[in-house]
DNA sequence: GTCTTGACTAGCG
DNA sequence: ACGCTAGCCAAGA
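Residue numbers (my numbering): 27 to 132.
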């Protein structure tokens, strides 16, 4: 597993409730500005092996990408409200972790 | 080693 | 704001 993948997993796992992160943001913090596609694949592959809050990961538009899953329901369950168009306020829910602690585990 | 899949993002009209 | 195209990255077959 590359550091990128490991970083992504740690970042997603660090997302608290009532907060979300975008693929691009995670990818950038993991070291890949354009690694959003890689992040999506990691969620797709790792979410079944690791218990990651993948539902807290949304696209840059603040909308649910993997429509058809319970992601929307899970987010609403945490208290996140969606607009009529199925979008949420990134400027309110987007999480901003410390880049320096991306790989640092307690 | 090459092609395909996947839950993306930025740019342009 | 919406739809389409091009670019990017990782893992599996």
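Even glycine gets a Cβ: it sits at the ideal position worked out from N, Cα and C.
The Cβ-Cβ distance between residue 91 and residue 109 does not fall below 9 angstroms. Your pair residue 82 and residue 45 checks out as a contact, with CB atoms roughly 7 angstroms apart and the cut at 8 angstroms. Using a 10 angstroms sphere on the CB of residue 107, the tally of other CB atoms stays under 16, which defines it as exposed. In summary, residue 102 is exposed, with fewer than 16 beta-carbon neighbours lying within 10 Å of its beta-carbon over all protein chains present.
Here DSSP, grouped into helix, strand and coil, assigns residue 93 to strand. Counting of Cβ neighbours within 10 angstroms places residue 33 among the buried residues, the total reaching 16 or more. Taking 9 angstroms as the cut-off, the Cβ atoms of residue 37 and residue 56 count as close.
Out of 112, 53 and 124, the CA that lies nearest to the CA of residue 88 is found in 112.
Judged by DSSP secondary structure, residue 68 falls within the alpha helix (DSSP H) whose first and last residues are 62-72.
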